[in-house]
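These notes are about the structure you will find just below.
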Amino acid sequence: MADLFTPYNYKNLTLRNRIVMPPMCQYSVKTEDGIPNEWHYVHYVSRAVGGTGLIIVEMTAVHPEGRITDQDTGIWGDEHIPAYRRLVDAVHSYGTKIGIQLGHAGRKAQDADPPVAPSAIPFNDSFRMPRVLSAQEIEQLIEAHKQAARRAVEAGFDTVEIHGAHGYLIHQFHSPLTNKREDAYGQDLALFGERVVRAVKEVVPEGMPILMRVSAQEYVDGGYDVEYCLEICKRYRDAGVDIFHVSSGGEGPIGSGGGPKAEPGYQVELAAEIKRQLEVPVIAVGLLDEYQDAQDVILSGKADLVAIGRAMLRDPYWAIHAAKALDGEQKVPKPYERGYRS
């Protein structure tokens, strides 16, 4: 039986444990060029030193207008590659694997004027009215995801994650709440995301798994449920997604911060249902701050990996501390060993 510290293998991806640092925006780019800086380098490398199995770099925009804010990272040009390659090489040197989440904020791009979206529906009264994407622009954004994935491969990332959750662009296309188009992309709500997946698959190596983050349930009136999401995810799986990173929310005031009555593990059953129905590996996430809660998810078989978000912001060495608390194998860097001797 696998536990939190059992190595994980899928295709050419081998992780030393089942602990994932999920993408969490840092809003720390000091210019508008989207290039990660020393903050990002220290932030991610410290979690590799801290024993994390897989780090997924924050949502990284495939287009300048696709950032949530102008302080977000991007990968829309080849000039971004060297900074990511430096980061990847450092993370690898500490035995951790690293992926990158590729995304576009769509109507939730706060600094775009105007933002773009499948339909002219603003996120709320505080957000700008989005401009409707033309068929030609949709083609360009599919290509932008493809080229961003190519750059990620050139930078040395071990995997790429496509962002299809939390009310951002792909989620906007596959949600009936936000896609009121009358063309092919409105008649087939999974089409845009499916085409993005196929485009990414064209440029990643055969052995590199493709991850996708999805909101399995929306917490608004008329929002979709997990049964609807399963049908969308089948399309994404068949297009080339290997592992689903299962979250929820994003189309209303309740987003990734938690659903109604959110409590530790509140999204785990959503992940378990996608794993069971689609027969794919899944990453569970959602207030799994306590070591035993994360351990129990893996022991139960409801998910293959667990993502530790806010707790890892507070503690870069969460994985090492979890190993100590749960009697797992501790891989403490040699310079720190005396700090862990009893």
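Just so we're aligned, residue 0 is where the sequence shown starts under numbering that gives the first Met the number 0, counting upward by one.
Note that beta-carbon positions come from the ideal geometry of N, C-alpha and C, so glycine has one too.
Nearest neighbour of histidine 42, chosen from Pro332, Ile319, Asp314 [CA to CA]: Of the candidates Pro332, Ile319, Asp314, the one whose C-alpha sits nearest the C-alpha of histidine 42 is Asp314.
Going by other Cβ atoms of all chains shown within 10 Å of its Cβ, with 16 needed for buried, is proline 334 buried or exposed? It counts as exposed.
CB-CB under 8 Å to asparagine 36, same chain, minus the five flanking residues each way: which ones, in chain order? Once the five neighbours on either side are set aside, the close Cβ partners of asparagine 36 are Ser27, Val28, Lys29, Ala82.
Which residues mark the beginning and the end of the alpha helix (DSSP H) in which histidine 42 is found? Secondary structure note for histidine 42: its alpha helix (DSSP H) is the uninterrupted segment 37-48.
Below 8 Å on the Cβ atoms is my contact criterion, and I expect alanine 215 with serine 174 to pass it. Report the Cβ-Cβ distance as a whole number of Å. Taking the Cβ atoms as the reference, alanine 215 lies roughly 12 Å from serine 174, outside the contact range of under 8 Å.
If distances are taken between C-alpha atoms only, which option among Pro117, Val131, Gln109 comes closest to asparagine 123? Ranked by Cα distance from asparagine 123, the options Pro117, Val131, Gln109 are led by Gln109.
Would you call the CB atoms of valine 281 and aspartate 303 closer than 9 Å? For valine 281 and aspartate 303, yes; Cβs fall inside 9 Å.
N-terminal and C-terminal residue of the beta strand (DSSP E) that isoleucine 319 is part of: First-last for isoleucine 319: 317-325, but that is the alpha helix (DSSP H), not the beta strand (DSSP E).
At the level of alpha carbons, what is the spacing between histidine 79 and glycine 73? In this structure, the CA atom of histidine 79 is about 7 Å from the CA atom of glycine 73.
How far does the beta strand (DSSP E) with isoleucine 74 in it extend, from its first residue to its last? In this chain, isoleucine 74 is not harboured by any beta strand (DSSP E), its DSSP state being neither H nor E.
Tyrosine 9 (DSSP reduced to helix, strand or coil): Note: tyrosine 9 maps to strand in three-state DSSP.
Tell me the residue span of the beta strand (DSSP E) that contains valine 267. If you look at valine 267, you'll find it isn't in any beta strand (DSSP E); it sits in the alpha helix (DSSP H) that goes 267-277.
Looking at isoleucine 67: is its Cβ nearer than 9 Å to the Cβ of cysteine 24? In this structure, cysteine 24 lies closer than 9 Å to isoleucine 67 by Cβ.
Taking one C-beta from the region 178-189 and one from the region 197-213 each time, how about it: are there three or more such pairs within less than 8 Å? No contact exists between the region 178-189 and the region 197-213.
Relative to the alpha-carbon of alanine 318, which residue among His39, Gly155, Gly49, Tyr7 has its alpha-carbon at the smallest distance? For the residues His39, Gly155, Gly49, Tyr7, the minimum Cα distance to alanine 318 belongs to Gly49.
Only counting the same chain, and skipping five residues up and downstream in sequence, which positions put a Cβ closer than 6 Å to that of leucine 132? Same-chain partners within the cutoff: Val115.
Below 8 Å on the Cβ atoms is my contact criterion, and I expect glycine 105 with tyrosine 167 to pass it. Report the Cβ-Cβ distance as a whole number of Å. By a beta-carbon distance limit of 8 Å, glycine 105 contacts tyrosine 167. Their separation comes to about 6 Å.
Do the region 138-148 and the region 213-232 touch if we need at least three Cβ pairs shorter than 8 Å? Three or more Cβ pairs closer than 8 Å define a contact, and the region 138-148 falls short of that threshold against the region 213-232.
Cβ pair glutamate 250, valine 213 closer than 9 Å: Not closer than 9 Å, so no.
Count the CB pairs spanning the region 265-278 and the region 321-339 that are closer than 8 Å, and state whether there are at least three. The way I'd put it, the region 265-278 doesn't touch the region 321-339; fewer than three beta-carbon pairs between them come closer than 8 Å.
Exposed unless 16 or more other CB atoms sit within 10 angstroms - verdict on tryptophan 75: Sixteen is the threshold: when 16 or more other Cβ atoms of the shown chains lie within 10 Å of the Cβ of tryptophan 75, as they do, the residue is buried.
Express the C-alpha separation of leucine 176 and arginine 337 in angstroms, rounding to a whole number. Going from the Cα of arginine 337 to the Cα of leucine 176 covers about 55 Å.
Short Cβ contact (9 Å threshold) for leucine 210 with isoleucine 161: With a cutoff of 9 Å on beta-carbon distance, leucine 210 and isoleucine 161 are scored as near each other.
Could you name the residues of the same chain whose beta carbon sits closer than 6 Å to that of glutamate 217, not counting the 5 residues immediately before and after it, in chain order? Hits under 6 Å: Tyr223, Glu250.
Please return the same chain residues whose Cβ sits closer than 6 Å to the Cβ of aspartate 326, not counting the five positions on each side in sequence. Cβ neighbours of aspartate 326 within its own chain (closer than 6 Å, five residues either side excluded): none.
Establish whether the CB of lysine 301 and some CB of chain B are separated by less than 9 Å. As a matter of chain content, chain B is missing from the structure shown, which is built from one protein chain.
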